[in-house]
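Quick note, the sequences are listed as chains V and S, same order. Heads up: the first sequence begins at 4 in our numbering, then just goes up one per residue. Heads up: the second sequence begins at 40 in our numbering, then just goes up one per residue. Built from N, CA and C at the ideal position, the CB exists for glycine as well. These notes concern the structure reproduced below.
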Amino acid sequence: MALLNVENLSVSFVTRNGTNKAVDNVSFAVEERQITAIIGESGSGKSVSCYAILGLVPTPPGRIDNGNAHFLGQDLLALSEAELRAIRGRDIAMIFQDPMTCLNPFMKIGDQLIEPLTLHEDLAKGPARERAMALLAEVGIWHPQAAMSAFPHEFSGGMRQRVMIAMALINEPKLLIADEPTTALDVTIQAQILKLIAELQTKRDIGVLFISHDLAVVSDIADKIVVMEKGKVVESGQPKSIFEHPQHPYTQKLLAAIPSGQKTADTVAPDPLIRIEHLRTWFTATAGAEPVKAVDDVSLEIHRGEVLGLVGESGSGKSTLGRSILRLVPITDGQMTFEGTALSSLKGHKLKQFRHRMQMIFQDPYASLNPRMTVYDTLAEPLLLHGMVNKAGLDQAIRELMDNVGLARAFVRKYPHEFSGGQRQRIAIGRALATRPEFIVADEPVSALDVTIQAQILGLLADLTKEYGLTMLFISHDLAVIRQIADRIAVMYRGKLVEKGSTAQVFESPRQDYTRSLLAAIPGSNPV
Amino acid sequence: MLRFILIRILQALPVIFVVITATFFLVRSAPGGPFDQEKVVIPEVKKALEAQYRLDLPLHEQYIAYLGDLAHGDLGPSFKYPGRSVNEILFAGLPVTAELGLYALIIALCIGVTAGVFASLRPNTAQDYVPMSLAMIGICMPSFLLGPLLVLVFGIWLDWLPITGWGDIPGDKILPAVTLGSAYAAYIARLSRAGMLEILSQDYIRTARAKGLPEWRVVIQHALRGGLTPVIAFLGPAFAGLLAGSFVVETIFQIPGLGRFYVQAAFNRDYTMILGTTVFLSSLIVFFNLVSDIIAAWLNPRLRHQFQGGRS
């Protein structure tokens, strides 16, 4: 008998524009002492299914149409809110995607941790704190005592996710639901958290329902995989059979989208377009305080026509380096030249003239586009600002841009919220290309996207680089993505450049320990 | 912490200086003077009076002399109430106005926060629309309309409450406080609703629900603190506004507070009284803004350690 058995679950959302079936007749089971993974893109209904069985889908607009979910002999969907509350946090616990936003910023870690204990087990504060500290130590928090009286903002993302895990496990639940628990984390931290979840699962003998959009991530830990598309289960089975003999076309597509392979290095004659010498970008928070050395003595050349992959974890200074080159942040010290022109000393009008030759694509296509501007306006702005076209040629230029980035011309009057993430990133790429730049800084352009969309955008970027003869600094924390698109790789760690070399060389014979640890953390590198 | 307060006070000084200068010259540019009365004063007497109050000096010298007095905390003698200084009159009226303002603020908070939180729990239903529509009416209704209306209903028709005075008959403080507080209650209701709605959609609220907490604990323990931050930031300006804006209510209910002197001073061209009250009230506004900023920052753990020095 399975620990959790969901049968024929259907959930809809009733909105003014009609009823939208988010989950359509879905059945799956979580066995005791096993990790079951649900895989699917955003909007596939994977999270909604899990929230629905715990009564966490707000109704209205949500509505559970039919189905049952048997857990320990009772149908969760037939329980009252009060009965369900007694199960939530005690027998079934959850961890969520974004540890930065899932902890209450106004409450001390300790108070948040013991809440489920005092609530469900009626434990006094003292013993509850003892247990919380023991658990914090178990999930790898170094100073449990200090951590108890700290606030969430004092912890990094990875540490907060450990706290979330401790909070979920504190009542010794029988089932742990993990909703994209590593998606918001760096690749090395992701590897640590995955390992921790797998260890805790074995040690405590619990069932885990692991939700993810990333097949590579679950390949290392799952005992069973359920693939969802558009609210339906399209395939399920052992990881081995899913990876080796995917039956459904969607599963095949997902597998194909896992970034793999390596760019066949073009034989680019090393012709430095950008030369950076001893660049320092320091930030001083308050006068007299120790400056944050975001970029500290970095020297680098970017060759004409190449894609240089810049790798590092959050906080390594890779984004600051990109922004420094574009002169979007004030630099502290050092020299930068662009085709022999000293970039670092350009000012005012001269700098503005230079801007159209260097553009940037940002990580979050949801935040980087002005929500009150149509696609037309977004693309027209740089074209007119830099005098690329006159009013008469504007429509034509915008149509060409939309064709080039693969957006239907009919979308031209739509606003960003009417597009999906991938389409928005296409708009952002179009905006960057509008001024016919020679150099582009792409700052994590695919990390906010689903795997299949990610593959499309990477393909588009590779094509456009050739077509426009672009030079690109491609910033990412994801080595698998970098490997697919970059000619050369530079690795940053704590503001310093620790390694650079051709993609093949860095992957096959990394010289630094840090690079080796990054490589080892790539998900899917050691499948079960 | 001390540094923060010091910087804020230094920032406030130019503001108050501009207020003084603008008021000084505006008041002087208005036609008429403190000794232009219906009954004719003999020119010699008028001249003597003007000399006594330094009105015979050129304007810029008067200005500099006034600033000099102000630096010693002396707001000068009143022109209208001979023998009393502006300082005396202000400190006589302040306790009454402050008491009225405090009651009004307490009423505004109790009604406003309750209504706002209540509305935010079921957005876009009757539970939301009814209190929010009332709040809108509260904002739109000026106190010179609401005051007489309350007097009519509770004072005359129902005959429950006294309609004038301050501290003379039990219960005579209720109507003025309600009249003064209602507009602020409405603002606070809207602020708390918006703040709560934002916090209730946060991920950590979902975490709290996933723990199995009952809804009232989710709201009170997890949502309220963040949701009421905008209200706390508003309290300082609100209290200053209550003090400065109470003159209408004080006039309606015949309350001997600051506001009535302020209005009278403007009619009488009582230069020092107008200036003194303005300087005093603008300093209060600056002060209460500072206090509410400090409280709001103190309640936010991410900002708190700025005060404790160290980590940023």
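In the structure shown, what three-state DSSP assignment does residue i receive?
| i | result |
| --- | --- |
| Ile98(V) | strand |
| Tyr418(V) | coil |
| Ser215(V) | strand |
| Asp299(V) | strand |
| Ile46(S) | helix |
| Asn71(V) | strand |
| His306(V) | strand |
| Ser558(V) | An answer regarding residue 558(V) cannot be provided, because it is not within the stretch 4 to 531 covered by chain V. |
| Ile355(S) | No answer is possible for residue 355(S): it lies beyond the span of chain S, which begins at 40 and ends at 351. |
| Phe286(V) | strand |
| Arg66(V) | strand |
| Pro262(V) | coil |
| Gln250(V) | coil |
| Thr186(V) | coil |
| Gly348(S) | Unreliable positioning characterises Gly348(S) in this predicted model, as indicated by a pLDDT of 45, which lies under 50. A coordinate reading is not provided. |
| Glu35(V) | coil |
| Pro53(S) | helix |
| Lys119(S) | coil |
Would you tell me roughly how many angstroms separate the C-alpha atoms of residue i and residue j, rounded to the nearest one?
| i | j | result |
| --- | --- | --- |
| Met224(V) | Gly234(S) | A small fix is needed here, since residue 224(V) is Ile in this sequence, not Met. Taking the straight line from one Cα to the other gives about 41 angstroms. |
| Leu139(S) | Arg93(V) | 51 angstroms |
| Leu7(V) | Glu183(V) | 19 angstroms |
| Gln255(V) | Ser30(V) | 21 angstroms |
| Gln106(V) | Lys177(V) | Inspection of the sequence shows that residue 106(V) is occupied by Leu rather than by Gln. The straight-line gap from Cα to Cα measures roughly 22 angstroms. |
| Asp108(S) | Ala90(S) | 17 angstroms |
| Asp398(V) | Asp380(V) | 11 angstroms |
| Ser285(S) | Leu98(S) | 32 angstroms |
| Leu329(S) | Ala201(V) | 51 angstroms |
| Asp78(V) | Cys53(V) | 14 angstroms |
| Pro242(V) | Met4(V) | 21 angstroms |
| Asp367(V) | Arg283(V) | 26 angstroms |
| Arg358(V) | Glu441(V) | 10 angstroms |
| Phe278(S) | Thr290(S) | 19 angstroms |
| Leu96(S) | Thr60(S) | 17 angstroms |
| Val51(V) | Trp337(S) | 38 angstroms |
| Ala32(V) | Thr39(V) | 8 angstroms |
| Ser155(S) | Ile324(S) | According to the sequence as given, residue 155(S) is Gly; it is not Ser. Taking the straight line joining both Cα atoms gives about 25 angstroms. |
| Thr543(V) | Lys503(V) | Here chain V comprises residues numbered 4 to 531, so residue 543(V) is not present and cannot be evaluated. |
| Arg123(S) | Tyr142(S) | 29 angstroms |
| Arg412(V) | Ala458(V) | 22 angstroms |
| Val408(V) | Ala445(V) | 15 angstroms |
| Val494(V) | Leu41(S) | 43 angstroms |
| Phe130(S) | Ser322(S) | 15 angstroms |
Is it the case that the CB of residue i approaches a heavy atom of the ligand FAD more closely than 7 angstroms?
| i | result |
| --- | --- |
| Arg42(S) | The ligand FAD is not part of the structure shown, which contains no ligands of any sort. |
For residue i, return the contacting residues in chain B, with the cut-off set at a CB-CB distance below 8 angstroms.
| i | result |
| --- | --- |
| Leu522(V) | This model lacks chain B altogether; the protein chains it does include are V and S. |
Using Cβ-Cβ distances below 9 angstroms, what residues of the region 368-379 of chain V are close to chain S?
none
Below 8 angstroms, can you find three or more Cβ-Cβ pairs linking the region 21-28 of chain V to the region 233-249 of chain V?
yes
Taking 8 angstroms as the threshold, find out whether the region 165-177 of chain S comes into contact with the region 241-258 of chain S through three or more Cβ pairs.
Counting Cβ pairs under 8 angstroms, fewer than three are found: no touch.
Decide if the region 107-116 of chain V is in contact with the region 158-176 of chain V; the criterion is three or more beta carbon pairs, one per stretch, under 8 angstroms apart.
yes
Every unbroken beta strand (DSSP E) within the region 463-494 of chain V, with a cutoff of 3 residues, ordered by chain
Listed in chain order, the beta strand (DSSP E) runs fully inside the region 463-494 of chain V are 474-479, counting runs of at least 3 residues.
Kindly provide the ranges of any alpha helix (DSSP H) runs that are 4 or more residues long and lie completely inside the region 252-323 of chain S, ordered along the chain.
Complete alpha helix (DSSP H) runs here, min 4: 263-266, 268-283, 286-291 and 297-307.
Determine which residues of the region 240-254 of chain S have a Cβ less than 9 angstroms from any Cβ of chain V, and write them out in chain order.
Gln241, Asp242, Tyr243, Ile244, Arg245, Thr246, Ala247, Arg248, Ala249, Lys250, Gly251, Leu252, Pro253 and Glu254
Which complete alpha helix (DSSP H) runs does the region 378-425 of chain V hold, if anything under 4 residues is left out?
378-388 and 394-407
The region 260-272 of chain S: positions lying closer than 7 angstroms to chain V by Cβ:
His261, Arg264 and Gly265
With 7 angstroms as the C-beta to C-beta threshold (strictly closer), list the residues of the region 323-340 of chain S near chain V in chain order.
Pro340
Is there contact between the region 122-142 of chain V and the region 77-87 of chain V, where contact requires at least three CB pairs shorter than 8 angstroms?
no
With contact counted as at least three CB pairs below 8 angstroms, one residue from each stretch, are the region 144-154 of chain S and the region 219-234 of chain S in contact?
Flag = yes, the region 144-154 of chain S and the region 219-234 of chain S touch.
Please give the ranges of any beta strand (DSSP E) in the region 80-130 of chain V, keeping only runs that are unbroken, at least 3 residues long and fully inside the region.
95-98
Assess contact between the region 126-143 of chain V and the region 60-75 of chain V, defined as three or more Cβ pairs (one per stretch) separated by less than 8 angstroms. Is contact present?
Contact annotation: the region 126-143 of chain V does not touch the region 60-75 of chain V, with fewer than three C-beta pairs closer than 8 angstroms.
Is the number of C-beta pairs between the region 185-205 of chain S and the region 300-312 of chain S that are closer than 8 angstroms three or more?
Verdict: no, contact absent.
Given 8 angstroms as the limit, is there contact between the region 425-440 of chain V and the region 360-374 of chain V, that is, 3 or more CB pairs closer than that?
yes
Quick check: the region 330-346 of chain V against the region 481-488 of chain V, are there 3 or more CB pairs under 8 angstroms?
Counting C-beta pairs closer than 8 angstroms gives fewer than three between the region 330-346 of chain V and the region 481-488 of chain V, which falls short of the contact rule.
Please determine if the region 175-184 of chain S and the region 250-263 of chain S are in contact, where contact requires at least 3 C-beta pairs separated by less than 8 angstroms.
no
Counting only Cβ-Cβ distances shorter than 8 angstroms, please list the residues of the region 407-438 of chain V near chain S, keeping chain order.
none
Would you be able to state if there are at least three C-beta pairs under 8 angstroms between the region 270-277 of chain S and the region 314-323 of chain S?
Contact fails: fewer than three Cβ-Cβ distances are below 8 angstroms.
Where are the alpha helix (DSSP H) runs, 4 residues long or more, that stay fully inside the region 314-380 of chain V, in chain order?
Scanning the region 314-380 of chain V from its first residue to its last, the whole alpha helix (DSSP H) runs of 4-plus residues come out as 321-328 and 351-358.
Please name the residues in the region 103-118 of chain V whose beta-carbon is closer than 7 angstroms to at least one beta-carbon of chain S, in chain order.
Those residues of the region 103-118 of chain V that come within reach of chain S (Cβ to Cβ, closer than 7 angstroms) are Thr104, Cys105, Leu106, Asn107, Pro108, Phe109 and Glu118.
Within 8 angstroms, do at least three Cβ pairs link the region 310-323 of chain V to the region 466-481 of chain V?
yes
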